[in-house]
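Going left to right, the sequence shown walks through residues 1335 to 1446 as the numbering used here numbers them.
All residues carry an ideal CB built from backbone N, CA and C; glycine is no exception.
What follows is a single structure, written as structure tokens, with notes after it.
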Amino acid sequence: MVKRFRSTVCVMDVDKQQIRTELTPGKLDNIKISLGQTPGKLMRKLQLKKGISYVSVHQDVRHHLKFYPYRLQSVQELCPRDQGKRLQFCVWFRRFIRNNKKLKNVYFSNEA
């Protein structure tokens, strides 16, 4: 699992025989229309609906359509006075991870 995470940055099993789908101008237009109708559409759902590989969809949406997908995240309001505390926490956390031998084998990811 560690090898898989290092090479793919994902812990899910992936079919090794996946072939990159060629994206024709027609398919690209189709994706552009679909994203225009529902801008919050997830890339994986779009991939399944259009029958195009996830890598193809993600790369081509970024490179050809100049769309940059991101994940929305709710946070509290950040004020200028919070910057020092946040920096202090980040420095502490990095030191904590470096000094804790057990955490050297832990991978932090945003996957649930």
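Residue span of the alpha helix (DSSP H) that contains K1424, given as start and end: Note that residue 1424 corresponds to Cys in the displayed sequence, not to Lys. Its alpha helix (DSSP H) spans residues D1416 to N1433.
Span of the alpha helix (DSSP H) around L1437: Where L1437 is concerned, there is no enclosing alpha helix (DSSP H), given that its DSSP letter is neither H nor E.
Contact check, F1401 vs V1409, beta carbons under 7 Å: no
Status (buried if at least 16 other CB within 10 Å, exposed otherwise) for S1443: exposed
DSSP three-state assignment for L1362, whether helix, strand or coil: helix
Supposed contact pair S1390 and L1380 - C-beta distance, whole angstroms, cut 8 Å: Contact doesn't hold; Cβ gap of about 11 Å is too wide.
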